[in-house]
Ligand code: GLC
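Numbering (the working numbering), first residue to last: 210 to 642.
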């Protein structure tokens, strides 16, 4: 009887692989989540064949380009100026602590050496170099984290099941072949997590492609389990614009800070997982030749601070050029952000959203008994902080240590500043009891 029961249990566990509902992150994973939170700032890189068309990463579907014609771009892709060491150095100079690279975007072209499709940068281009390998080696050498974007959508493969996008690319089978496509993705994920050293996170995108078909089963549980089995501390995030599913380790927001929904893609509830919001430096993810509308260093820094006071990381995007260089303006912005981070990094890295919630004037970050008040926009010399149940021992300008006067009343503290703040971010450091 007992053996029969045991057998039955075993059989069940074999047919129904452990559901992610029961997902228990490992110690290593929990540690990685805290380290991720501490890093606060990453750079997103959207690079693929679409860089050559220079109109963003959605051109293939937006222009209904035939998949066989589109694939011919590969034969001319020779990013002669690509130099991973220079990319990583420019990004490190910004103070960013990780890079998230598009290993394969919706266009379906693999920017790494894969055995599971010839449609990749080594086999299909005259360049023949595994840019991901070069980038990974350089990231490890220069000491910066590497995360990988991976699309669930593929507008090129015939076995990829059609969703609401990529319908005009001439692929013959709308129903695709899920088993074959799913196996392909898992093979590739295995390569990505085996051949490129430690990967900080896998960043999925594209699940929303089946939003008109809500019963579609992406079999995420098994895919997530595979990732965690290959690298337990690799964090999983999915840009599905929903509250995180079991098995995910971080929550992603797109083009909006947590709790906001100006771009129409966010507004989902905020979970207790580490948060990350991605934003473009100009207006597009992939390289767009006509978009020189880069945000100013002030806007970018304030966005980073805005994320930090909401306890979120910022993943700021750059679309590298077809010649393999990062756009010059982007490199300049990286340097400007880095200058600021050199001075103010202590008030950002390793902090958590502070005990005074964000307001229209800015917000707070906190580390131990230090509360950093980030004043981004205040037309006054007095700033009231609803700090109840906390005792301020000392207040000073972070930048030069000059004391700041303050008054206490029943509702909190009022900081009396020496002038109306004009800096990108006037940081007041409070020492709490
Ligand atoms: C969207 C877009 C995609 C981009 C991503 C980045 O999901 O489909 O092109 O990579 O956002 O957040």
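The beta carbon of each residue, even a glycine, is placed where N, CA and C say it ideally should be.
- The straight-line gap separating the alpha-carbon atoms of residue 250 and residue 507 is approximately 16 Å.
- Rounded to the nearest angstrom, the gap between the Cα atoms of residue 622 and residue 459 is 34 Å.
- Separation of residue 376 and residue 528 (C-alpha to C-alpha, rounded to the nearest whole angstrom) is 25 Å.
- The three-state secondary structure of residue 336, taken from DSSP, is coil.
- Within its own chain, the residues whose Cβ lies closer than 8 Å to the Cβ of residue 613, once the five positions on either side in sequence are excluded, are 604, 605, 606, 624, 625, 626, 627 and 637, listed in chain order.
- Counting along the chain, the unbroken beta strand (DSSP E) around residue 463 starts and ends at 460 to 463.
- When DSSP states are grouped into helix, strand and coil, residue 244 belongs to the helix group.
- By alpha-carbon distance to residue 491, the top candidate from 523, 536 and 279 is 536.
- The C-beta of residue 271 has fewer than 16 other C-beta atoms within 10 Å across all chains shown, which makes the residue exposed.
- Annotation for residue 396: the continuous alpha helix (DSSP H) segment containing it runs 387 to 401.
- Counting the other CB atoms within 10 Å of its CB gives residue 493 a total of 16 or more, which places it among the buried residues.
- Here residue 417 carries a helix assignment [DSSP, helix/strand/coil].
- Under the DSSP assignment, residue 515 falls in the alpha helix (DSSP H) whose first and last residues are 506 to 518.
- Closest in alpha carbon position to residue 631, among 590, 619 and 640, is 590.
- At a Cβ-Cβ threshold of 9 Å, residue 540 and residue 501 do not count as neighbours.
- Bridge partners of residue 623 according to DSSP: 593 and 616.
- Check the Cα spacing between residue 427 and each of 369, 303, 437 and 486: the tightest is with 369.
- With a minimum length of 4 residues, the unbroken runs of alpha helix (DSSP H) contained wholly in the segment 536 to 603 fall at 537 to 553.
- The residue from 406, 597, 360 and 421 with its alpha-carbon nearest to that of residue 395 is 360.
- Distance from the Cα of residue 358 is smallest, within the candidate group 450, 310, 440 and 586, for 310.
- Annotated as proximal: residue 432 and residue 398, with beta-carbon spacing under 9 Å.
- Residue 497 counts as buried, since at least 16 other C-beta atoms from the protein chains shown sit within 10 angstroms of its C-beta.
- Judged by DSSP secondary structure, residue 297 falls within the alpha helix (DSSP H) whose first and last residues are 293 to 301.
- With distances taken between CA atoms, residue 403 lies nearest to 435 out of 285, 435 and 424.
- CA-to-CA, the gap between residue 234 and residue 301 works out to about 29 Å.
- Here the segment 406 to 413 does not lie against the segment 313 to 323, with fewer than 3 beta-carbon pairs under 8 Å apart.
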